[in-house]
Amino acid sequence: MHALHKLLLFQVLASLGQNAGGSRIIKGEIAPDDTYEFLVSLQSNKKHVCGGFLISEDFVLTAAHCSTE
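Using mature numbering (1 follows the signal peptide of the UniProt record, and there is no 0), the letters of the sequence shown map in sequence onto residues -22 to -1, 1 to 47.
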């Protein structure tokens, strides 16, 4: 597994146990916990850096500019 894949996987797993700092409000209403389960917040120092999509259990699809490698 490439170092970048390991880094992204680590960040995703680390962020799953934490609140992204945002609220669960979508269009003015409280969103259920199971809404948008496929979305990912890539974070650094508990701050959102980039978004992504879970494409499988082990991989996140995100934009190229989200990575420095």
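Glycine residues also receive a C-beta, built at the ideal position from the N, C-alpha and C atoms.
The model shown is predicted, which means the values in this text are computed figures rather than measured ones.
Alpha carbon of residue i to alpha carbon of residue j, nearest angstrom
i, j, result
"S34", "E15", "12 Å"
"Q(-12)", "Q21", "7 Å"
"L39", "G6", "28 Å"
"L(-19)", "A9", "32 Å"
"A42", "L32", "15 Å"
"V18", "D36", "12 Å"
"residue 51", "L(-15)", "The requested residue 51 does not occur in the structure, where the chain is confined to residues -22 to 47."
"A(-3)", "H(-21)", "Confidence in A(-3) is poor, its pLDDT being 49 and thus under 50, which makes the residue's placement unreliable; the coordinate value appears in the next sentence. So the alpha carbons of these two residues sit roughly 26 Å apart."
Buried or exposed (CB count within 10 angstroms, at least 16 for buried), residue i
i, result
"G30", "buried"
"residue 79", "Here the chain covers residues -22 to 47 and nothing more, so residue 79 does not appear."
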